[in-house]
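Protein chains in written order, with UniProt numbering: chain A, 1 to 115; chain B, 1 to 115. In this text, a Cβ means the ideal position worked out from N, Cα and C, and glycines have one as well. These notes are about the structure you will find just below.
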DNA sequence: TTAATCCTTATAGTTAACTCTAGGTCAAGT
DNA sequence: ACTTGACCTAGAGTTAACTATAAGGATTAA
């Protein structure tokens, strides 16, 4: 199975190795294995998971909340509903942002505000 | 014309007077008038403008960038295109976030990732 | 006239999310 | 064997955006 180093993953996800180590320290990556000498080794599935984390971050979710989500994942099927609800909640947040933005666009398009 | 005090506006917009003064210091509210004694007096249109600022913040726009936008507004019609472009850009950002979120929702709905 | 609410400046504290440095380990190439 | 480069940790430093306090003063509603 192909694995990746921290700097390869950082490049792929467009962030730094510092940031990945910080995420690890914050409990966002309990799934990442190590070599006998202690180096992190990332699998394809780890990278997929990190992409989900990035998506959650994009929606404005704080790291502590993402950490909770990761912890739920470790708890298995019993937390499936919670996890699903959380995603639905996130979606609602972004949809609400979209609505606000649309309203604002309408305002500026109709030139109804100036200083 | 009806006007509002800083604390009334803070309550209406669901933030604190501290925050409003901070925004003022950062150049986000050059339009707000004062009484002869120096108190800020907000009009309905000021509040409308502050709501636009809140909307921009919701999309993740930093205060410095919002300040630039406000400065453009002061520059009048010559910056109309820039301002419109900025809003389109913001909209695109949020739409992209939506797309990411939809993808992620699909992933979790199909239960294709677990730790 | 007293209490509340506002103002200022200056300064300090807080939180989140990085971002970096120092000092050390380890594995591969020459 | 040795040097180079990528990795490690702990912990310090940074930035943004508040959030609050203090000290001192003005205004306004009851």
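Interface partners of residue i on chain A, CB under 7 Å
i	result
residue 91(B)	101 and 105
Proximal chain B residues relative to residue i, where beta-carbon distance stays under 9 Å
i	result
residue 98(A)	91, 94, 95, 97 and 98
residue 69(A)	The contacting residues do not exist; residue 69(A) stays about 10 Å from chain B at best.
Same chain only: Cβ atoms within 8 Å of residue i, ignoring 5 sequence neighbours per side
i	result
residue 67(B)	26, 27 and 28
residue 34(B)	40 and 41
Short Cβ contact (8 Å threshold) for residue i with residue j
i	j	result
residue 107(B)	residue 9(A)	no
residue 83(A)	residue 56(A)	no
residue 151(A)	residue 44(A)	Since the displayed chain A opens at 1 and closes at 115, residue 151(A) lies outside it and no answer follows.
residue 6(B)	residue 20(B)	yes
residue 70(A)	residue 4(A)	no
residue 120(B)	residue 50(B)	Residue 120(B) cannot be examined here, being either before or after the span of chain B that is shown, 1 to 115.
residue 61(B)	residue 98(A)	no
Own chain partners of residue i with C-beta closer than 6 Å, once the 5 adjacent residues on each side are dropped
i	result
residue 104(A)	none
residue 78(B)	none
residue 16(B)	10
residue 63(B)	26
Within chain B, the residues that residue i reaches when beta carbons sit closer than 8 Å
i	result
residue 32(A)	Per Cβ cutoff of 8 Å: no residues; residue 32(A) is ~11 Å from chain B at best.
Rounded distance between the beta-carbons of residue j and residue i, thought under 8 Å
i	j	result
residue 59(B)	residue 94(B)	5 Å
Residues that residue i contacts on chain A, provided the C-beta gap is smaller than 9 Å
i	result
residue 58(B)	60, 96, 97, 100 and 101
residue 42(B)	The premise fails here: residue 42(B) is roughly 14 Å from chain A at the closest Cβ pair, so nothing lies under 9 Å.
Other residues of its chain near residue i: CB distance less than 7 Å, five sequence neighbours each side excluded
i	result
residue 36(A)	none
residue 86(B)	69
residue 30(B)	70 and 74
Start-end ranges of the alpha helix (DSSP H) lying completely within the UniProt domain "HTH merR-type" (3–72) of chain A, minimum 4 residues
Counting only unbroken stretches of 4 or more residues, the alpha helix (DSSP H) elements lying wholly within the UniProt domain "HTH merR-type" (3–72) of chain A are 6–13, 17–25 and 44–58, in sequence order.
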